[in-house]
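Residue numbers (the working numbering): 13 to 276.
Each residue gets a CB set at the ideal place from its N, CA and C atoms; glycine is no exception.
Remember, it's a predicted structure, so these values are computed and weren't measured experimentally.
Written out below as structure tokens is the structure these notes cover.
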Ligand SMILES: [Zn+2]
Ligand SMILES: [Zn+2]
């Protein structure tokens, strides 16, 4: 194996990123795993890091850092204390690294850890040929699992968690957005919701295909139309919002009003 590998690094607090060589470690820490990255997804939050958006600039990232947090790969090597993984295992990435010691971590709420660190933000991420990660950031998956889906397990987890928390069984639900999280949220909802209205459905109503809808969403037109339609139909007592916060501030306010209106 080469002694270095290529990674996409966020090196300075300004728009852009760079390809940089990174050293492969001589040895792993006891709970670390060396992963060969097979595929990394581009999340909207990665775009925010690349663009150095205001919310990222305000978050005091320790630079330089390797970007990326949604991925799949193959375990090449494990530290001596690693219990759940072995060389050759296929894995899907987990973005969140809890401290394991705070009150939340001790009471089964690691996702609310007071000292939570995120892959591609506070620790080196997955947009690289290799990733050296704590064991907890890699979950074993079946060997036959499609690679494109395996790279999106983290956003799937976000979507399923939100749907489970909302308790929407039997409800009509609006999902606003058509990125990865909105799309998998639709899948998650179909387990329990009676009807599922979302932007793509509205797009079909207006005779638009997915690509046309995407370009319209970029110009906010479809998003406004969707919101108006929801108001007129009084159709959706529950709305999930999965939109870019910087680009859809107006729509988010509209959704807040919609939810207020729907409250009994
Ligand atoms: Zn993400
Ligand atoms: Zn913690």
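heavy atom of ligand 2 below 7 Å from residue i C-beta
i           : result
residue 110 : yes
residue 126 : yes
residue 106 : no
residue 141 : no
residue 114 : yes
residue 117 : yes
Assigned secondary structure, residue i (DSSP; H/G/I helix, E/B strand, else coil)
i           : result
residue 158 : coil
residue 21  : strand
residue 168 : helix
residue 53  : strand
residue 29  : coil
residue 35  : strand
residue 163 : coil
residue 15  : coil
Supposed contact pair residue j and residue i - C-beta distance, whole angstroms, cut 8 Å
i           : j           : result
residue 48  : residue 85  : 5 Å
residue 45  : residue 145 : 6 Å
residue 149 : residue 105 : 6 Å
residue 132 : residue 58  : 7 Å
residue 75  : residue 24  : 6 Å
residue 42  : residue 98  : At roughly 15 Å, the Cβ-Cβ gap does not stay under 8 Å, so residue 42 and residue 98 are not in contact.
residue 50  : residue 159 : 6 Å
residue 20  : residue 140 : 7 Å
residue 81  : residue 107 : 4 Å
Strand pairing of residue i, partner residues [DSSP]
i           : result
residue 48  : 86 and 142
residue 124 : Answer is none; residue 124 lacks a bridge partner.
residue 129 : 109
residue 150 : 105
residue 119 : DSSP output for residue 119 lists no bridge partner at all.
Ligand 1 heavy atom lying under 7 Å from the CB of residue i
i           : result
residue 60  : no
residue 81  : yes
residue 30  : no
residue 57  : yes
residue 166 : yes
Residue-chain proximity (residue i, chain B), Cβ-Cβ < 8 Å
i           : result
residue 103 : Here there is only one protein chain, and chain B is not present.
Discussion item. Which complete alpha helix (DSSP H) runs does the segment 76 to 115 hold, if anything under 4 residues is left out?
Written reply: DSSP runs (the alpha helix (DSSP H)) wholly in the segment 76 to 115: none.
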